[in-house]
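In what follows, a structure is listed as structure tokens, so that the remarks can point back to it.
In the working numbering, the protein residues as written are 116 to 248.
And the structure:
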């Protein structure tokens with residue numbers, strides 16, 4: 116056969132087309148597998164993002180809860196400090212009343228006692244108003 120004969124040329128081109136078709140099918144199959152893999156990876160990433168968002172929401176709620184508790188503790192601390200200051204004032208008045216009585220200064224003792232009664236009366240009045248509210 117001659118190297119340039121028509122029949123050999125047709126057979127060679129038919130084999131080439133067959134190879135090309137099999138390569139094309141393999142490429143298509145590879146691409147389909149690749150798309151499936153990418154799709155599953157994207158779904159996994161989407162789930163992970165949902166989990167992250169949920170975690171962030173929980174952290175935010177916990178942070179807000181802690182912040183609220185912190186503010187409450189600060190308020191309670193201020194109240195305790197105020198109570199402590201009032202108690203110190205009352206103790207100082209009581210001590211001065213005792214010293215005045217020891218010294219025989221009954222006038223000063225009476226004035227200090229009146230001051231102490233006024234302070235205690237105001238505290239009781241305030242406490243009764245707060246309990247009624």
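We put the beta carbon where it would ideally sit given N, CA and C, even for glycine.
- Taken through DSSP and simplified to helix, strand or coil, residue 225 comes out as helix.
- In this structure residue 227 is buried. Its beta-carbon is surrounded by 16 or more other beta-carbon atoms within 10 angstroms.
- In this structure, residue 231 and residue 208 form a Cβ contact; the two beta carbons are roughly 5 Å apart against a cut-off of 8 Å.
- Contact annotation, residue 215 with residue 223: C-beta distance approximately 4 Å; criterion of less than 8 Å satisfied.
- With respect to the C-alpha of residue 200, the residue from 174, 166, 238 and 165 having the closest C-alpha is 238.
- Here DSSP, grouped into helix, strand and coil, assigns residue 220 to coil.
- Counting only runs of 3+ residues, no beta strand (DSSP E) is found wholly inside the region 189-220.
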